[in-house]
Amino acid sequence: MSPTMTEATVVTLKIDDREISARSDQTVLEVAWENDVFVPALCHYEGLGDVGACRLCLVEIKGSPKLTPACAIKVVQDMEVITLSERLQKYRRSIIELLFAERNHICSVCVSNGHCELQWLAQKLGVDHIRYPYLYPKVSVDASHERFALDHNRCILCARCVRACDEVEGAHVWDLLGRGVDTRLISDLGTPWGESETCTTCGKCVHICPTGALFEKGKSVAEMVHARPRFAAMARVRNNSGR
Amino acid sequence: MTPEELTLAAEKEENGSRAFEHIVGVCTSTACLASHSDKIKKEFDAQVKAKGLTKSVRVKAVGCCGLCAEGPMVYVESQADAEKAAETRTYAHVSNEAVPALVDSLGAAPVADLACDTAQPFFTRQHKIVLEHSGVVDPERLEDSIQVGGYQALLNALTTMNPADVVDTIMRSGLRGRGGGGFPTGLKWSTVAKAVGDRKYVICNGDEGDPGAFMDRSVMESDPHRVLEGMAIAGYAVGATEGFVYVRAEYPLAVKRLKLAIKQAERAGLLGANIGGTHFSFKIDVRLGAGAFVCGEETALIASIEGRRGSPRPRPPYPAASGLWGFPTLINNVETFANIAPIVKNGAEWYAALGSGKSQGTKVFALTGKVKNTGLIEVPMGITLREIVYDIGGGPFDGHTIKAVQTGGPSGGCIPEAYLDRPVEYETLVQLGSIMGSGGLIAMDDTSCMVDVARYFMEFCMTESCGKCIPCRVGTVEMHALLTKICEGQATMTDLEQLEELCDVVRSTSLCGLGQTAPSPVISTLRYFREEYLAHIEHKTCPAGVCSGLKSGAVKAKEVVA
Ligand SMILES: Cc1cc2nc3c(=O)[nH]c(=O)nc-3n(C[C@H](O)[C@H](O)[C@H](O)COP(=O)(O)O)c2cc1C
Ligand code: SF4
Ligand code: SF4
Ligand code: FES
Numbered sequence: 146m147s148p149t150m151t152e153a154t155v156v157t158l159k160i161d162d163r164e165i166s167a168r169s170d171q172t173v174l175e176v177a178w179e180n181d182v183f184v185p186a187l188c189h190y191e192g193l194g195d196v197g198a199c200r201l202c203l204v205e206i207k208g209s210p211k212l213t214p215a216c217a218i219k220v221v222q223d224m225e226v227i228t229l230s231e232r233l234q235k236y237r238r239s240i241i242e243l244l245f246a247e248r249n250h251i252c253s254v255c256v257s258n259g260h261c262e263l264q265w266l267a268q269k270l271g272v273d274h275i276r277y278p279y280l281y282p283k284v285s286v287d288a289s290h291e292r293f294a295l296d297h298n299r300c301i302l303c304a305r306c307v308r309a310c311d312e313v314e315g316a317h318v319w320d321l322l323g324r325g326v327d328t329r330l331i332s333d334l335g336t337p338w339g340e341s342e343t344c345t346t347c348g349k350c351v352h353i354c355p356t357g358a359l360f361e362k363g364k365s366v367a368e369m370v371h372a373r374p375r376f377a378a379m380a381r382v383r384n385n386s387g388r
Numbered sequence: 083m084t085p086e087e088l089t090l091a092a093e094k095e096e097n098g099s100r101a102f103e104h105i106v107g108v109c110t111s112t113a114c115l116a117s118h119s120d121k122i123k124k125e126f127d128a129q130v131k132a133k134g135l136t137k138s139v140r141v142k143a144v145g146c147c148g149l150c151a152e153g154p155m156v157y158v159e160s161q162a163d164a165e166k167a168a169e170t171r172t173y174a175h176v177s178n179e180a181v182p183a184l185v186d187s188l189g190a191a192p193v194a195d196l197a198c199d200t201a202q203p204f205f206t207r208q209h210k211i212v213l214e215h216s217g218v219v220d221p222e223r224l225e226d227s228i229q230v231g232g233y234q235a236l237l238n239a240l241t242t243m244n245p246a247d248v249v250d251t252i253m254r255s256g257l258r259g260r261g262g263g264g265f266p267t268g269l270k271w272s273t274v275a276k277a278v279g280d281r282k283y284v285i286c287n288g289d290e291g292d293p294g295a296f297m298d299r300s301v302m303e304s305d306p307h308r309v310l311e312g313m314a315i316a317g318y319a320v321g322a323t324e325g326f327v328y329v330r331a332e333y334p335l336a337v338k339r340l341k342l343a344i345k346q347a348e349r350a351g352l353l354g355a356n357i358g359g360t361h362f363s364f365k366i367d368v369r370l371g372a373g374a375f376v377c378g379e380e381t382a383l384i385a386s387i388e389g390r391r392g393s394p395r396p397r398p399p400y401p402a403a404s405g406l407w408g409f410p411t412l413i414n415n416v417e418t419f420a421n422i423a424p425i426v427k428n429g430a431e432w433y434a435a436l437g438s439g440k441s442q443g444t445k446v447f448a449l450t451g452k453v454k455n456t457g458l459i460e461v462p463m464g465i466t467l468r469e470i471v472y473d474i475g476g477g478p479f480d481g482h483t484i485k486a487v488q489t490g491g492p493s494g495g496c497i498p499e500a501y502l503d504r505p506v507e508y509e510t511l512v513q514l515g516s517i518m519g520s521g522g523l524i525a526m527d528d529t530s531c532m533v534d535v536a537r538y539f540m541e542f543c544m545t546e547s548c549g550k551c552i553p554c555r556v557g558t559v560e561m562h563a564l565l566t567k568i569c570e571g572q573a574t575m576t577d578l579e580q581l582e583e584l585c586d587v588v589r590s591t592s593l594c595g596l597g598q599t600a601p602s603p604v605i606s607t608l609r610y611f612r613e614e615y616l617a618h619i620e621h622k623t624c625p626a627g628v629c630s631g632l633k634s635g636a637v638k639a640k641e642v643v644a
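Same order as they appear, the protein sequences are chains A and B. The numbering of the first sequence is my numbering, which starts it at 146 and goes up by one. The numbering of the second sequence is my numbering, which starts it at 83 and goes up by one.
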């Protein structure tokens, strides 16, 4: 294959003025989290390919005029990363607010209340009210599957479910349809989930969803606790790489 | 074809044309076709046949000559004879009914009513390199292109230069990407040339999604061989053997002509295996896009060719390192490729001598808006905006004044009248809060409301956002709502503050260029025309009288207090 595979080397870099060592095949986000540096993220999930979509993990990298998504940039020797600044925090709050304004996130009636990554990040970043007008789109709930349901009102289009189903389960049930604010998550080619011919009912998408968009039927308010799958560990075992 | 055979073919075609006393060229590109110029061509054919002139008059279909607003356009080229010097006549607004008179006028006095004055600045102030053969050659005949020197640069490069020389020539020419960003083309080529990969690709970006832009379409429709030749030279320079032209499906004529041109060139041994009898092979295919603005963004375009959803991905890695199917890929704009053959032919120094500052060569613009002459123009870099608007464009309509010029489409900005004496250069336009862009140039007069203009472009970005990243997907909708509120006279100063805050968020945090530049029209109009926003907000007045429901007319200067 074409991409030239180079051996990973050990590099040292600075994150928020802290000297840190890392492997050159790691992303800034991985290294930051490994070292207990808080960087918010929603579309990243350990063990899945990164897409750089949510923009919450943006950091400043010295020498680069633009902000960089920590999940989509590999560490390099002598890199200097800033993960916390007034500007970054402001943008992170704005992005969270935009998500809340986009669809219908009424936590008090949500199955994931208390177990939601969006809610947790909002609290952590100090988002206590939404300045932008709510868009209130008319979206549906797909409850056609025997065990699970999809509530588009809570979907933040992070595409974690899409990648989990495609990259790990190998079924590729989920995909995105349409563009802009009209983008919707679809199963198969837009058929109801319950009629999907590819879904194996493995539940990976449900447990990887950061919000209450995908949930197990029968769960009431605040009862949907995610059993976060450990894809990275699974992959390590499977490849026996033991790194 | 070997280089010798190519020269012979060109001579043969030249002699063949000389056998005709008159050559009638009828524009059959999209704009003139829309006024049924294909029928006019047929009528010429019929008339020439009926009058027994087939031996002395050749009628051919040609591409766009630029003055689309005056179409259908026809030109007549007459050979010199004992009595007269050679001359070329150009006719505008030609109809079917006028054809007999035009045929009768061959060798006699021109049809005065239809004559188009080619001494006017619209023609004389232009400098054609990219478009030099547009409107002259029949885009569906390879021989026509060969007659005017087509593929000579390619065969010269293959037989007398090594790839590094070609890269060096492009580097020294100072050519910069015409797709909007202005990245130095030679530098990009050398990066791809140096990249390691089992295979490499060349992609020509013919997506052209800017509203109102038709530069690339015109080049592809009027002179497709020029684009293909540029791609093949690029393939040789960077070490690629396969190329794709990505064209939006809404350009059926461009697609048809490109496909035909590829077939013709392959048959003549000018594309495909062992080009010109050398060891170099280069194959080109056409790929259709479904017409999404974002598919012009290079990583989305590549995803689209690969058969995936057309949404951008973070860079690095850049396509030069990892592009189509993970292989090093050179991606350039149509107009960029159309500049290659003349540079290779005439030398880097010739090209570098044209233009000003760090902007060399010429730029094609689609001039539209509130000026008398609209159409496709090619001007030397460094020309002032005023020359474009007043000389070439003929200035504003009577009784009106030019207020601003918009360049760069939804990613660009509005430059006010006071700065029209600035030169057209990449850096200067950025300083003024706009960009060169891919060539949209809209003149605005006192009847244009700048808030409405900003809202129009925001609506475009909102509907064209791919929806992948949050700030662009939701931010553009929120900004559009705020701009609408201002236009409707419902907004407060808090809304304006929020709009400015969102401009900053969306620009700084979006994934790709679409989101990063979506706020530009708002930022630039706020920079130069803030008083118009304030008139809408504080006085419920639209100074240009565009926004319905608001008072129109000027707000007295002292009433506007920021
Ligand atoms: C939203 C968006 C749309 C774009 N559309 C086009 C386009 O229609 N044509 C084009 O040549 N480049 C377009 N570009 C720029 C391309 O990504 C790329 O930079 C360009 O094709 C490179 O060619 P150049 O160096 O010759 O300009 C677009 C970029 C963005 C962000
Ligand atoms: S359903 Fe959940 S995991 Fe899937 S895109 Fe929506 S929010 Fe993300
Ligand atoms: S900036 Fe807009 S178009 Fe670009 S990736 Fe984000 S949502 Fe898609
Ligand atoms: S986690 Fe990096 S962009 Fe979403």
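Virtual Cβ for every residue (Gly too), placed ideally from N, Cα, C.
Asked, Found
"Going along the chain, which unbroken runs of the alpha helix (DSSP H) with 4 or more residues stay wholly within the region 220-302 of chain B?", "224-229, 234-242, 245-255, 267-276"
"At a CB-CB cut-off below 9 Å, which residues of chain C make contact with A:C300?", "Reference to chain C is not applicable here, since the protein chains of this structure are A and B."
"So B:S493 contacts chain A; which residues on that side make the cut at Cβ distance below 9 Å?", "In chain order: nothing, as chain A lies at least about 16 Å away."
"Mind checking if B:T591 is an interface residue toward chain A, Cβ cutoff 8 Å exclusive?", "yes"
"Start and end of the alpha helix (DSSP H) containing A:E340?", "Per DSSP, A:E340 belongs to no alpha helix (DSSP H) and is neither H nor E."
"Note the first and the last residue of the continuous alpha helix (DSSP H) segment covering A:E152.", "That residue, A:E152, is in no alpha helix (DSSP H); it is neither H nor E in DSSP."
"Would you verify that the beta carbon of A:R388 is, or is not, closer than 8 Å to some beta carbon of chain B?", "In this prediction, A:R388 has a pLDDT of 46, which is less than 50 and means its spatial position is unreliable; what the coordinates show is noted afterwards. It does not; no Cβ of chain B falls within 8 Å."
"With DSSP collapsed to three states, give me the class of B:G98.", "helix"
"Quick check: is any heavy atom of ligand 4 less than 7 Å from the C-beta of A:P214?", "yes"
"Does B:L149 come out as helix, strand or coil in the three-state DSSP assignment?", "coil"
"What does a CB cutoff of less than 8 Å around B:K567 pick up in its chain, not counting 5 residues either side in sequence?", "A573, D577"
"Taking B:E152 as the reference, which of B:K123, B:A435, B:E380, B:A197 has the closest Cα?", "B:A197"
"Run through chain B and tell me which residues come within less than 8 Å of A:G325, C-beta to C-beta.", "M544, T545, E546, S547, C548, G549, R555, T558, V559"
"Check whether the Cβ atoms of B:A402 and B:V274 lie closer than 8 Å to each other.", "yes"
"Name the one or two DSSP bridge partners that B:V158 has.", "B:V106, B:R171"
"Within this structure, are the beta carbons of B:G443 and B:L436 separated by less than 8 Å?", "yes"
"By the criterion of Cβ-Cβ separation under 8 Å, what are the contact partners of A:G271 in chain B?", "Residues of chain B passing the Cβ test: none, with the nearest at roughly 16 Å."
"Just verifying my parser: in three-state terms, what is the DSSP assignment at A:E225?", "strand"
"Are there 16 or more other CB atoms within 10 angstroms of the CB of B:V643, so buried, or fewer, so exposed?", "Note that B:V643 has pLDDT 41, beneath the 50 cutoff, so the model's placement of it is unreliable and the number below is only indicative. So B:V643 ends up on the exposed side."
"If you follow the beta strand (DSSP E) that A:I206 is in, where does it begin and where does it stop?", "203-206"
"With a threshold of 7 Å, establish whether the CB of A:T356 neighbours any heavy atom of ligand 2.", "yes"
"DSSP three-state label for B:G477, please.", "coil"
"Which residues in chain A have a C-beta closer than 8 Å to the C-beta of B:Q580? List them in chain order.", "R276, Y277"
"Can you pull the chain B neighbours of A:G197, defined as C-beta to C-beta under 8 Å?", "R395, P396, C551, L593"
"Based on the DSSP output, what are the partners of B:T623 in its beta bridges?", "B:K633"
"Quick one: list the residues of chain B neighbouring A:P214, beta-carbon separation under 7 Å, in chain order.", "P396"
"Going by DSSP, which residues form a beta bridge with B:A486?", "B:P498, B:M526"
"If you pair each beta-carbon of the region 233-250 of chain A with each one of the region 529-539 of chain B, do three or more pairs fall below 8 Å?", "no"
"Excluding the 5 residues flanking B:K124 on each side, which residues of the same chain have their C-beta closer than 6 Å to its C-beta?", "none"
"Please confirm whether B:I331 has its beta-carbon closer than 8 Å to some beta-carbon of chain A.", "According to the sequence displayed, residue 331 of chain B carries Ala and not Ile. Closer than 8 Å: no."
"Measure the C-alpha to C-alpha separation of A:A217 and A:E231 and round it to an integer number of angstroms.", "22 Å"
"Find out if the Cβ-Cβ distance for the pair A:A309, A:I353 is shorter than 8 Å.", "yes"
"Quick one: what does DSSP say B:V643 is sitting in, helix, strand or coil?", "Confidence is the limiting factor: at B:V643 the pLDDT is only 41, short of 50, which leaves the residue's position unreliable and the question unanswerable from this model."
"So, does the CB of A:S209 fall closer than 8 Å to a CB anywhere in chain B?", "no"
"Does DSSP classify B:K338 as helix, strand or coil?", "helix"
"Taking 8 Å as the cut-off, does the region 161-179 of chain A touch the region 269-288 of chain A (at least 3 CB pairs, one atom from each stretch)?", "no"
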